[in-house]
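Novice:
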Amino acid sequence: MKALVYRKKGEIEWAEFANPEIINPTDIIVKVEGFTFSHADYRPYLGEDDSVKANTIMGHEAVGVISAVGTAVTTLKIGDRVAVGCIIHCNNCSDCANQNYANCQNGGFILGTSENGTHAEYVRVPYGENSVIKIPTNLALEDVVMLSDVLPTAYENVIKKVDFAKIKTAAIIGDGPIGLSTFLFLINNRVKVDIYGHHQVKLDFFKANGAYETFTTIDKTNQKKYDLVVECVGNDRGTFEAAQQLLGFNGTLVTIGVFKNPVTFFLNELWYQNITIHTGILNVYTLPELLAKIENQEIAPHKIVSQIYDKDEVLTAYHAFKNKDLFKIVVKL
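Read the sequence shown against this note's numbering and you will find it ends at 366, with the numbers running on by one and no gaps.
Below, the structure is given as structure tokens:
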């Protein structure tokens, strides 16, 4: 089969690779219909993550059709169309018992890192019955592939954690796909949403799709305050500090960004404001809810897709991330 293989920092290859095989009775093999990229797929290439070994297949997001099942698999069968969740979970350990699937002691965020990933014509999915969701054949790839990561990231970290009876205004810091996914949910909750970002093409898209206002900077001259602030950038870029500046009294701050270094928390300014802060990572426990929302047309995830490529353009698609005006990129095999 063909697969997108990480060789070393700065070197990847769409190359021939041995087809995956069933190793454990709970495994399934999925023939990939299409996949998409996230920034986590770029960190090893950029030298920001040295935990991924050379010659590992990249990726953790995909939709496909089951081509083989292990002997312990009873609820899935060959021919089922599935979306692969980016978090693998065993449903046996203590973390899984508490739905902390990202911390699963036998799985977690392993596809494309410690296990060969989804950017290939076939992928082995450990604990397949727990880690994929069956999806109808009539739903578009561009919608259902967002179930792997971006939709549950926004839904579980914002929508499931926030009391919307208290939320009328919101700010999203970050104009990438997580910000857009969050935005699509918030406007469905009748929240007035402002967007803070740096890419005018994206900001124009937000505006055309219902954003109240868009901004390219946050500084001391900005006196706006919000009931909810969602920080989607991280990476120690000052956005966590900026998010605190935008919080109103009784405000809620949700940070979805990834941080590698300490950041400043202005407790001396916020201690009396009765704020709430949520952090966390997705656990993909909401996939059935999200699938129902797609089927009922409550949300249109295809809006997050900026470009679609075919399997002869995989490397072109991968490097398209350099274009900061794009949201998600999908490859159809």
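Every residue gets a Cβ at the ideal spot worked out from N, C-alpha and C, and that includes glycine.
1. Mapping DSSP to helix, strand and coil, what is Arg157?
2. Closest by CA to Tyr75, which one among Thr108, Gly145, Leu323, Gly271?
3. What are the boundary residues of the beta strand (DSSP E) that Tyr229 is part of?
4. The beta strand (DSSP E) spanning Phe216 covers which residue range?
5. Can you grab the Cα-Cα spacing for the pair Glu3 / Gly112, in whole Å?
6. Quick one: is Glu302 buried, meaning 16 or more other Cβ sit within 10 Å of its Cβ, or exposed?
7. Can you tell me which of the three DSSP states His152 falls into?
8. Determine, using beta-carbon pairs with one atom in the region 114–125 and one in the region 179–190, whether at least three such pairs fall under 8 Å.
9. Using only alpha-carbon positions, find the residue among Leu366, Asp358, Ile327 that is nearest to Val179.
10. Per DSSP, what kind of secondary structure is Asp237 in: helix, strand or coil?
11. Cα separation between Ile332 and Ile341?
12. In the DSSP output, which residue or residues are listed as bridge partners for Gly271?
13. Between which residues of its own chain and Ala276 is the CB-CB distance below 6 Å, once the five residues before and five after are set aside?
14. Of all the options Pro159, Leu315, Asn283, which has the alpha carbon lying nearest to the alpha carbon of Tyr305?
15. Which runs of the alpha helix (DSSP H) fall wholly inside the region 263–335 and span at least 4 residues, in chain order?
16. From Asn163 to Gly209, what distance separates their C-alpha atoms?
17. Taking only the alpha-carbon atoms, compute the straight-line gap between Asn308 and Ile200 and give it to the nearest angstrom.
18. In the DSSP assignment, find the unbroken alpha helix (DSSP H) run with Val183 in it and report its ends.
19. For Leu174, report the span of its alpha helix (DSSP H) as first-last.
20. Starting from the C-beta of Ile45, find all residues in its chain whose C-beta is less than 8 Å away, skip the five residues before and the five after it, and write them out in chain order.
21. Just mark Arg223 as buried or exposed, buried being the case when its beta carbon has 16 or more other beta carbons within 10 Å.
22. Return the bridge partner residues of Ile45 from the DSSP annotation.
23. Locate the beta strand (DSSP E) running through Ala204, then write down its first and last residues.
24. Are the beta-carbon atoms belonging to Lys64 and Gly103 less than 7 Å from one another?
25. Does the Cβ of Leu300 have 16 or more other Cβ atoms within 10 Å, making it buried, or fewer, making it exposed?
26. Secondary structure at Ala51, three-state DSSP: helix, strand or coil?
27. Return the bridge partner residues of Glu246 from the DSSP annotation.
28. Closest to Asn133 by C-alpha separation, out of Tyr155, Phe273, Lys110, Ile314, would be which residue?
Specialist: For this structure:
1. Locating residue 157 in the sequence shown gives position 124, counting from the first residue. In this structure, DSSP gives Arg157 an extended state, which the three-state scheme calls strand.
2. Counting from one through the sequence shown, the residue named residue 75 turns up at place 42. Closest by alpha carbon: Gly145.
3. Locating residue 229 in the sequence shown gives position 196, where the first residue counts as 1. Counting along the chain, the beta strand (DSSP E) containing Tyr229 begins and ends at 225–229.
4. Within the sequence shown, numbered from 1, the residue matching residue 216 stands at position 183. That residue, Phe216, is in no beta strand (DSSP E); its alpha helix (DSSP H) goes 210–221.
5. Residue 3 cannot be examined here, being either before or after the span of the chain that is shown, 34 to 366.
6. Position 269 of the sequence shown, counted from the first residue, corresponds to residue 302. Exposed.
7. As a working mapping, residue 152 is identified with position 119 in the sequence shown. If DSSP states are grouped into helix, strand and coil, His152 belongs with coil.
8. Yes, the region 114–125 is in contact with the region 179–190.
9. As a working mapping, residue 179 is identified with position 146 in the sequence shown. In the sequence as presented, Val is not what sits at residue 179; that position holds Met. Residue Ile327 is the option with its Cα nearest to Met179.
10. The count along the sequence shown starts at 1 and reaches residue 237 at position 204. Looking at Asp237 - three-state DSSP - the assignment turns out to be helix.
11. Translated into the one-based positions of the sequence shown, residue 332 becomes position 299. Translated into the one-based positions of the sequence shown, residue 341 becomes position 308. So the two alpha carbons sit approximately 20 Å from each other.
12. Numbered from its first residue, the sequence shown carries residue 271 at position 238. As computed with DSSP, Gly271 is found in no beta bridge at all.
13. Against the sequence shown, residue 276 aligns to sequence position 243. Take Ala276, set aside five residues on each side of it, and the residues of its chain with a beta-carbon closer than 6 Å to its own are Ile206, Val262, Glu264, Leu286, in chain order.
14. Here the question's residue 305 lines up with position 272 in the sequence shown. The option with the nearest alpha carbon to Tyr305 is Asn283.
15. As summarised for the region 263–335, the continuous alpha helix (DSSP H) elements at least 4 residues long and confined to that stretch are 272–279, 300–303, 320–328, given in chain order.
16. Mapped onto the sequence shown, residue 163 falls at position 130. Mapped onto the sequence shown, residue 209 falls at position 176. Straight-line Cα distance between these residues: approximately 29 Å.
17. As a working mapping, residue 308 is identified with position 275 in the sequence shown. As a working mapping, residue 200 is identified with position 167 in the sequence shown. Correcting the residue identity first, residue 308 is Ile in this sequence and not Asn. Distance between the alpha carbons of Ile308 and Ile200 is about 13 Å.
18. Numbered from its first residue, the sequence shown carries residue 183 at position 150. Taken as a continuous stretch (DSSP letters only), the alpha helix (DSSP H) holding Val183 covers 183–187.
19. On the sequence shown, position 141 is the one that residue 174 refers to. DSSP places Leu174 in the uninterrupted alpha helix (DSSP H) bounded by 174–177.
20. Taking the sequence shown and counting its residues from 1, one reaches residue 45 at position 12. Here the set comprises Leu37, Val38, Tyr39, Tyr78, Met91, Leu348, Tyr351.
21. On the sequence shown, residue 223 is found 190 positions in, with the first residue counted as 1. Burial call: exposed.
22. Within the sequence shown, residue 45 is the residue found at index 12, counting from 1. Per DSSP, Tyr39.
23. For the purposes of this step, residue 204 is identified with residue 171 of the sequence shown, where counting begins at 1. Start and end: 202–206.
24. Residue numbering aside, residue 64 sits at position 31 when the sequence shown is read from its first letter. Residue numbering aside, residue 103 sits at position 70 when the sequence shown is read from its first letter. Cβ atoms of Lys64 and Gly103: not closer than 7 Å.
25. Counting from one through the sequence shown, the residue named residue 300 turns up at place 267. Burial call: exposed.
26. Reading the sequence shown from its first residue, position 18 is the one you call residue 51. DSSP places Ala51 in coil when its eight states are reduced to three.
27. Here residue 246 corresponds to residue number 213 of the sequence shown, with the count starting at 1. Beta-bridge pairing links Glu246 to Asp227.
28. As a first step, residue 133 must be located in the sequence shown, where it is residue number 100. Of the residues Tyr155, Phe273, Lys110, Ile314, the one whose Cα lies closest to the Cα of Asn133 is Ile314.
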